[in-house]
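Numbering (the numbering used here), first residue to last: 7 to 385.
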Amino acid sequence: MSSFDIAIIGGGIAGLSAACFLAEDRGDGSRIAVIERESQPGYHTTGRSAAMYTEVYGNATIRAMVKAGRPFLKTPHARYCDRSFLSPRGALMIARDDQVHRVGEFLREMNRPDVLEQVDRDRCLQISPALDPDYVAGGVHEPDAMDIDVHALLQGYVRVFRGLGGQIIADAEVRSITRRNGVFAIDAGAGQIEAPLLINAAGAWGDVIAGMAGAAPVGLVPKRRTAITFDAPAGTNPGNWPLTFDLDEQWYFKPDAGRILASPADQTPSEPCDAQPEELDIAICIDRIETASTLEVRRPASKWAGLRCFVDDHSPVNGFDDRIEGLYWLVGQGGYGIKTSPVMARIAVSQIAGRPIDDDILAHGLRPANLGVERLRGQ
Ligand SMILES: Cc1cc2nc3c(=O)[nH]c(=O)nc-3n(C[C@H](O)[C@H](O)[C@H](O)COP(=O)(O)OP(=O)(O)OC[C@H]3O[C@@H](n4cnc5c(N)ncnc54)[C@H](O)[C@@H]3O)c2cc1C
Numbered sequence: 007m008s009s010f011d012i013a014i015i016g017g018g019i020a021g022l023s024a025a026c027f028l029a030e031d032r033g034d035g036s037r038i039a040v041i042e043r044e045s046q047p048g049y050h051t052t053g054r055s056a057a058m059y060t061e062v063y064g065n066a067t068i069r070a071m072v073k074a075g076r077p078f079l080k081t082p083h084a085r086y087c088d089r090s091f092l093s094p095r096g097a098l099m100i101a102r103d104d105q106v107h108r109v110g111e112f113l114r115e116m117n118r119p120d121v122l123e124q125v126d127r128d129r130c131l132q133i134s135p136a137l138d139p140d141y142v143a144g145g146v147h148e149p150d151a152m153d154i155d156v157h158a159l160l161q162g163y164v165r166v167f168r169g170l171g172g173q174i175i176a177d178a179e180v181r182s183i184t185r186r187n188g189v190f191a192i193d194a195g196a197g198q199i200e201a202p203l204l205i206n207a208a209g210a211w212g213d214v215i216a217g218m219a220g221a222a223p224v225g226l227v228p229k230r231r232t233a234i235t236f237d238a239p240a241g242t243n244p245g246n247w248p249l250t251f252d253l254d255e256q257w258y259f260k261p262d263a264g265r266i267l268a269s270p271a272d273q274t275p276s277e278p279c280d281a282q283p284e285e286l287d288i289a290i291c292i293d294r295i296e297t298a299s300t301l302e303v304r305r306p307a308s309k310w311a312g313l314r315c316f317v318d319d320h321s322p323v324n325g326f327d328d329r330i331e332g333l334y335w336l337v338g339q340g341g342y343g344i345k346t347s348p349v350m351a352r353i354a355v356s357q358i359a360g361r362p363i364d365d366d367i368l369a370h371g372l373r374p375a376n377l378g379v380e381r382l383r384g385q
């Protein structure tokens, strides 16, 4: 039996960012454990993302979190990484003739004239030269959208956490949780772990873990998203192409380590599992990319799928359970969990320490009422 102050279930970006920031806040990580089923951190959704930072994707809660997290991601302290986690990429949302009348509506909803510029067809083709000239009618450019070095970010959290004495207990699948005298007793295969505070950062398994701890589910729905990479056409240098996607989020592509990464932007509800790509989704992906661009996908070089997990209102769940004392939720990050990780972890640290959320986060318009489980109860 090992005893800790805080046990965190889930060694993805959510669990490790929280572990790292909690250890820093306490000046010591030795009483914090991250429990992970797999042999290494980041195996599930964290290792399967498109690694993008854009400030105009997701609802207002997500967008506020992302904006508030930019300084950390852009200029991390040297103890996390000796360089920025962000590098220039740009994002271009394009519209066909039949979609272009909705571009104004998108710009009004985002209300970010500081980062977005409306662009015409010629400019779209200049920015993203692989687009099919007959497909594009216009678009919106976010020049400041960035690639995120997800590996460096995850390793930065791990390094700082371990450096403060924090423990990552791998190959440890949590099978049952009981709560006695204010302490959670967690059966994680190899041994029992006890802690009075339990953080549920189990990604797609968030409601499963909550059920083990005696809490009501929040209605988390894992949704499968597929991605492939393929070779760029001979003689092209796609390195500085932007993330290119369409107004209705039916597909996207971007350069990725010398190749091109593409997705059909599918969101098929799934059980929590080790998600695998379906042949049909890959075929749809190839068809959509070849329709919108001049690219030819002869054979994917790699393919994968990951689970983006949402609750009903598509905001994350970042707060204490309303009934089970000592249970803290850190789930529902959807397609945004890499870029929201620093701010979600900071919110967790403040709430666990009984402090208000930091002003620099709230200044971006984040409403605390949109974070907790209470908003999801009684639906
Ligand atoms: C195709 C795709 C593209 C994406 N693109 C982006 C993007 O561009 N930008 C962005 O910010 N986000 C993106 N995302 C979303 C992002 O990847 C996720 O929001 C984020 O990784 C979620 O992290 P997590 O730690 O909550 O989940 P996970 O990484 O899944 O971690 C949860 C962990 O909990 C562990 N666990 C679960 N149950 C148990 C148990 N019983 N015992 C022990 N351990 C357990 C699992 O093994 C897992 O490792 C994308 C996702 C996908 C699939």
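Ideal Cβ positions, reconstructed from N, Cα and C, are used throughout, including at glycine.
**Asked** Is it buried or exposed for His83, if we count other Cβ within 10 angstroms and need 16 for buried?
**Response** Counting from 1 along the sequence shown, the entry for residue 83 is found at position 77. That one is exposed.
Discussion item. Let me confirm a value: Ala201 is counted as buried when at least 16 other C-beta atoms fall within 10 Å, else exposed. Which label applies?
Written reply: For this step, residue 201 is matched to residue 195 along the sequence shown. The residue is buried, with at least 16 neighbouring Cβ atoms inside 10 Å.
Assign Asn324 to one of two classes, buried (16 or more other C-beta atoms within 10 Å of its C-beta) or exposed (fewer than that).
Your numbering for residue 324 matches position 318 in the sequence shown. Burial call: buried.
Checklist line | Extent of the continuous beta strand (DSSP E) to which Cys315 belongs | finding: Counting from one through the sequence shown, the residue named residue 315 turns up at place 309. It spans 308-316 - the beta strand (DSSP E) in which Cys315 sits, taken as one unbroken run.
Three-way DSSP call (helix, strand, coil) for Ala216 in this model
In the sequence shown, counting from the first residue as 1, residue 216 sits at position 210. Reduced to three states, the DSSP call for Ala216 is helix.
**Asked** Going by other Cβ atoms of all chains shown within 10 Å of its Cβ, with 16 needed for buried, is Lys80 buried or exposed?
**Response** Taking the sequence shown and counting its residues from 1, the one referred to as residue 80 is at position 74. Exposed, by the Cβ-count rule.
query = Which parts of the region 227-311 are runs of the alpha helix (DSSP H), unbroken and 4 residues or longer, counting only runs that do not cross its ends?
reply = 285-298
Which residues in the same chain as Val166 place their Cβ atom closer than 8 angstroms to its Cβ, once the five residues preceding and following it in sequence are excluded?
Against the sequence shown, residue 166 aligns to sequence position 160. So the qualifying residues of the chain are Cys26, Ala29, Glu30, Arg85, Tyr86.
What residues match up with Gly144 in a beta bridge as DSSP calls it? Working through the sequence shown from its first residue, we reach residue 144 at position 138. DSSP, once it has assigned bridges, lists Ala101, Asp126 as partnering Gly144.
- Supposed contact pair Val303 and Trp335 - C-beta distance, whole angstroms, cut 8 angstroms: Within the sequence shown, the letter at position 329 stands for residue 335. Within the sequence shown, the letter at position 297 stands for residue 303. With a contact defined as Cβ atoms closer than 8 angstroms, Trp335 and Val303 miss out at about 39 angstroms.
Next on the checklist: Could you compute how far the alpha carbon of Ile174 sits from the alpha carbon of Ile358?
Outcome noted: On the sequence shown, residue 174 is found 168 positions in, with the first residue counted as 1. On the sequence shown, residue 358 is found 352 positions in, with the first residue counted as 1. In a straight line, the C-alpha of Ile174 is about 20 angstroms away from that of Ile358.
Report task. Quick one: residues in its chain with C-beta nearer than 8 angstroms to the C-beta of Glu296, no 5 flanking neighbours on either side, listed in chain order? Result -> Residue numbering aside, residue 296 sits at position 290 when the sequence shown is read from its first letter. Correct list, in chain order: Glu302, Val303.
Original post:
To which residues does DSSP link Ile15 through a beta bridge?
Top reply: Counted from its first residue, the sequence shown places residue 15 at position 9. Checking the DSSP bridge columns, you'll see Ile15 partnered with Ile41, Asn206.
TODO: Could you check the C-alpha separation between Arg361 and Val72 for me, to the nearest Å?
DONE: Counting from 1 along the sequence shown, the entry for residue 361 is found at position 355. Counting from 1 along the sequence shown, the entry for residue 72 is found at position 66. Rounded to the nearest angstrom, the two C-alpha atoms are 21 angstroms apart.
### Task
Could you spell out where the beta strand (DSSP E) holding Thr184 opens and where it closes?
Start at 1 with the first residue of the sequence shown, and residue 184 comes out as number 178. Thr184 -> beta strand (DSSP E) spans 182-186.
Would the C-beta of Pro270 count as close to ligand 1, meaning under 8 angstroms from any of its heavy atoms? Walking along the sequence shown from the start, residue 270 turns up at place 264. Checking every heavy atom of ligand 1 against the Cβ of Pro270, none is found closer than 8 angstroms.
- Give a yes or no on contact between the region 275-289 and the region 225-239, applying the rule of three or more CB pairs nearer than 8 angstroms. yes
**Asked** Short check: CB of Pro374 to CB of Met350, under 9 angstroms?
**Response** Here the question's residue 374 lines up with position 368 in the sequence shown. Here the question's residue 350 lines up with position 344 in the sequence shown. No; because the gap between Cβ atoms is not below 9 angstroms, this pair is not in contact.
Next item on the list: Check whether the Cβ atoms of Ile205 and Ile15 lie closer than 9 angstroms to each other.
Entry: One-based indexing of the sequence shown puts residue 205 at position 199. One-based indexing of the sequence shown puts residue 15 at position 9. It is a contact, given that the beta carbons lie within the stated cut-off.
Beta-carbon contacts of Asp177 that lie in its chain and below 6 angstroms, excluding the five residues immediately before and after
As a position in the sequence shown, residue 177 is number 171, starting the count at 1. Excluding residues within five positions, the ones whose Cβ falls inside 6 angstroms are Ser45.
Quiz item: Helix, strand or coil: which one does DSSP assign to Ala176?
Solution: In the sequence shown, residue 176 corresponds to position 170, counting from 1. Coil.
Query - Close beta carbons around Ala221, own chain, < 6 angstroms, minus the five adjacent residues each side - result: Here residue 221 corresponds to residue number 215 of the sequence shown, with the count starting at 1. Closer than 6 angstroms at the Cβ level, and outside the excluded window around Ala221, lie Asp327, Ile330, Leu333.
Measuring straight from C-alpha to C-alpha, what distance separates Glu179 and Thr51? Working through the sequence shown from its first residue, we reach residue 179 at position 173. Working through the sequence shown from its first residue, we reach residue 51 at position 45. Glu179 and Thr51: Cα-Cα distance of roughly 17 angstroms.
Would you mind giving the Cβ-Cβ distance between Ala70 and Leu249, rounded to the nearest angstrom? I have them listed as a contact below 8 angstroms.
-> Along the sequence shown, read from residue 1 onward, the residue named residue 70 stands at position 64. Along the sequence shown, read from residue 1 onward, the residue named residue 249 stands at position 243. The Cβ separation is near 21 angstroms, so there is no contact.
ask   = Given a threshold of 16 other Cβ atoms within 10 Å of its Cβ, counted over all protein chains shown, does Cys130 qualify as buried or as exposed?
value = Taking the first residue of the sequence shown as 1, we reach residue 130 at position 124. The residue is buried, with at least 16 neighbouring Cβ atoms inside 10 Å.
- Pick out whichever of Leu137, Phe236, Arg352, Gly172 has its Cα sitting closest to the Cα of Lys309. As a first step, residue 309 is located in the sequence shown; it is residue number 303 there, counting from the start. Checking every option, the nearest Cα to that of Lys309 belongs to Phe236.
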